[in-house]
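Report on one structure; see the data block that follows.
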Amino acid sequence: MQRSATSTHHAPIPALRDVVQLLKPITWFPPMWAFMCGAVSSGASMDGRWLFVAAGIILAGPLVCGTSQAVNDWFDRHVDAINEPDRPIPSGRIAGRWGLYVAIAGTVLSAIVSGLLGPWVLVAGLVGLGLAWAYSAPPFRLKSSGWAGPAVVGLTYEGLSWFTGASVMTGALPSAQVLIVLALYSVGAHGIMTLNDFKAVEGDRQTGLKSLPVILGVKNAARLACVVMAAAQAIVIALLAYWGLTVSAIAVAVLLLAQLAAMPRLLSNPAKYAPWYNAVGVLLYVLGMLAAALGLGSYI
């Protein structure tokens, strides 16, 4: 008989490979990339900051993002039993309350590392961790809203990670230009997170989660996601041009045009092509982030 994922009796210590799977390493790339963009956008030299940069990348990826995945899997274990029954918690490979313990330990360790990297990084880290718990845990459970949930993930994955990268490099609050651009890319990421919800539509319906694909329908949600992603980048392009960062503006514009060329295929069958667009379109989106960062940092 399969061990209950929430049994508290004689739950074995989980295997390392199952803990790693719980932390979903594949999800670490976006915040680590955004952190790198933040570091580049600061325009500060890496000399003498390599250790801080390495610690910041670990903070953005394995620590804060990994912790958010553990929190989400613990509070989503009933949903995952429908959508992804082979995940470590619903499958029973991480039994008892070990999933919760991993989430708490990750939260504490992330907060400590944030504090060691400076006051602004500590603020960003605590906000990110707070949002990670509010996203998944009652009574807030922000992920139950198709509007608030993607906004929170976009802010933490892109905005706060970018902010952290810039703050680690300068030890100060990032410039107004950097703050505006990271905010716009956070808004655009709302569309990316909406597309990510397509894989869980059936489980969301059964458990009452009001994701945008559930409340708007898959096609309308896909259209909205495309508009949000494109509009945010269009404003970034206009601002970069206004600030005299012409090469950067052109690079982001070319990448946006490539995304627009890929969107008709996505919209023709969103449920089928969302994974494809998440590989192709999102890659172009994050390359645009780097192009904007290079301009802000006066590299191009």
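Take the sequence shown: its letter number 4 is residue 1 in my numbering, and every next letter is one higher. Each residue gets a CB set at the ideal place from its N, CA and C atoms; glycine is no exception. All of these numbers come straight from a predicted model, not from anything done at the bench.
Quiz item: Does DSSP put residue 142 in a helix, a strand or coil?
Solution: strand
Quiz item: Assuming residue 204 and residue 129 make a contact with CB atoms under 8 Å, what is their CB distance in whole Å?
Solution: Their Cβ separation, rounded to whole angstroms, is 20 Å, which puts residue 204 and residue 129 out of contact at 8 Å.
Quiz item: How long is the line joining the alpha carbons of residue 106 and residue 60, rounded to whole angstroms?
Solution: 7 Å
Practice problem: Could you tell me which uninterrupted beta strand (DSSP E) segments, each at least 3 residues in length, are contained entirely in the stretch 99 to 159, listed from first to last along the chain? | Solution: none
Practice problem: Inspect the beta-carbon positions of residue 166 and residue 295 and report whether they are closer than 7 Å. | Solution: no
Exercise. Less than 8 Å between the CB atoms is what I'm expecting for residue 35 and residue 160, so what's the real figure, rounded?
Key: 6 Å
Quiz item: With a CB to CB cut of under 7 Å and the five nearest residues on each side skipped, what residues in its chain are close to residue 137?
Solution: 131
Quiz item: Does the Cβ of residue 97 have 16 or more other Cβ atoms within 10 Å, making it buried, or fewer, making it exposed?
Solution: buried
Quiz item: To which residues does DSSP link residue 269 through a beta bridge?
Solution: None; residue 269 has no bridge partner.
Quiz item: Between the Cα of residue 110 and the Cα atoms of 58, 151, 79, 284, which residue gives the shortest distance?
Solution: 58
Exercise. Spell out the partners DSSP gives residue 207 in its beta bridges.
Key: 142
Quiz prompt | Among 223, 264, 212, 243, nearest to residue 253 - alpha-carbon criterion | solution = 223
Practice problem: Run the CB neighbour count on residue 91, radius 10 Å, all protein chains shown included, and call it buried at 16 or more, exposed below. | Solution: buried
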